[in-house]
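Novice:
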Amino acid sequence: MARIHVVVGSLRRDSFNRKLAEGLVKLGPPGCDFSFAEIGDLPLYNQDDDDNPAEAVKRLKGEIKAADGVLFVTPEYNRSVPGVLKNAIDHASRPYGQSAWKDKPAGVIGASIGAIGSALAQQHLRHMLAYLDMPTLGQPEAFIHVKDGLFDDDGGIGKDSREFLQGWMDAYVAWVKKHSGKA
Ligand code: FNR
5 MARIHVVVGS LRRDSFNRKL AEGLVKLGPP GCDFSFAEIG DLPLYNQDDD
55 DNPAEAVKRL KGEIKAADGV LFVTPEYNRS VPGVLKNAID HASRPYGQSA
105 WKDKPAGVIG ASIGAIGSAL AQQHLRHMLA YLDMPTLGQP EAFIHVKDGL
155 FDDDGGIGKD SREFLQGWMD AYVAWVKKHS GKA
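Residue numbers for the sequence shown follow our numbering, beginning at 5 and rising by one.
Dropping the structure here:
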């Protein structure tokens, strides 16, 4: 069983990216188990707290360490990732030498109401994940432009996008299994 932890870069109640993440989980092939990270209660990262991390920080790091893979689903804010996501990444990367992210196979996907579908946020995120030593699925890429019909009435992926996103999920889960030794 491959355990995949999902990190959504939006705290918004009606977030399209959270809906996308929930829709992707429904497309998860057999043999994987998904959980969602809570990043909204993390304090702002302050290096002074490295020796005495908040409970929320310890929880996040424990969840990441226990996972076989991490799926990032993020909006784009001002042509980069939202600050809440960067904050979570910084927290779980520290103290130096004790990063929870190292070697965890990652997937990067995101949705935007803008035409480029979070492409620049995803590119910035990939830059960080490379530094953090996370093997990250390169292909297929998925830049999701939010339009009517992206989601169905049951919270799943709408029919026009389902085949493409099923293929993306299958590739990502295969990537996790390959890089975590669960294949
Ligand atoms: C945005 N949005 C946005 N969209 C985009 O395609 N490129 C961008 O650079 C930005 N910048 C940006 C900054 C800020 C501060 C906000 C609040 C929004 C629009 C964004 O894609 C839209 O609000 C999405 O709905 C956000 O994702 P969630 O919260 O629906 O998951």
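Built from N, CA and C at the ideal position, the CB exists for glycine as well.
These figures come from a predicted structure and were not determined experimentally.
#1: In whole angstroms, what separates the C-alpha of V61 from that of D52?
#2: Please state whether DSSP places V150 in a helix, a strand or coil.
#3: Once the 5 residues before and after D128 are set aside, which same chain residues still bring their CB inside 7 Å of it?
#4: Measuring straight from C-alpha to C-alpha, what distance separates F38 and S116?
#5: Please state the DSSP three-state secondary structure of D53.
#6: When DSSP labels each residue in this structure, what does R7 get in the three-state scheme?
#7: If you check the beta carbons only, do K181 and M138 fall under 9 Å apart?
#8: What span of residues does the alpha helix (DSSP H) with A110 cover, start to end?
#9: Hey, W172 and P144: beta-carbon distance below 9 Å or not?
#10: Rounded to the nearest angstrom, how far is the Cβ of G44 from that of V88, given a contact under 8 Å?
#11: Just the C-alpha distance for G162 and D54, rounded to the nearest angstrom, thanks.
#12: Hey, out of A119, G121 and G111, whose CA is closest to H131's CA?
#13: Within 8 Å: the Cβ of V29 and any heavy atom of the ligand FNR?
#14: Would you identify the three-state DSSP class for V61, choosing helix, strand or coil?
#15: Rounded C-beta distance between A41 and V11? I'm assuming under 8 Å.
Specialist: Reading from the atomic positions:
#1: Just so you know, the alpha carbons of V61 and D52 end up roughly 14 Å apart.
#2: Residue state, collapsed to three classes: coil.
#3: Asp is not the amino acid found at residue 128; the sequence shown has His there. Cβ contact annotation for H128 (same chain, cutoff 7 Å, sequence separation greater than five): S84 and V85, in chain order.
#4: One C-alpha to the other measures close to 23 Å.
#5: D53 falls in the helix class under three-state DSSP.
#6: Per DSSP, reduced to three states, the secondary structure at R7 is strand.
#7: Not closer than 9 Å, so no.
#8: Counting along the chain, A110 falls outside any alpha helix (DSSP H), though it belongs to the beta strand (DSSP E) covering A110 to S116.
#9: Yes, these two residues count as a Cβ contact at 9 Å.
#10: Contact holds; Cβ gap of about 7 Å.
#11: Each residue's CA atom was taken as its position, placing G162 and D54 some 43 Å apart.
#12: It is G111 whose Cα lies nearest to the Cα of H131.
#13: Checking the Cβ of V29 against the ligand FNR gives no.
#14: Helix.
#15: Rounded to the nearest angstrom, the Cβ distance from A41 to V11 is 5 Å, consistent with a contact under 8 Å.
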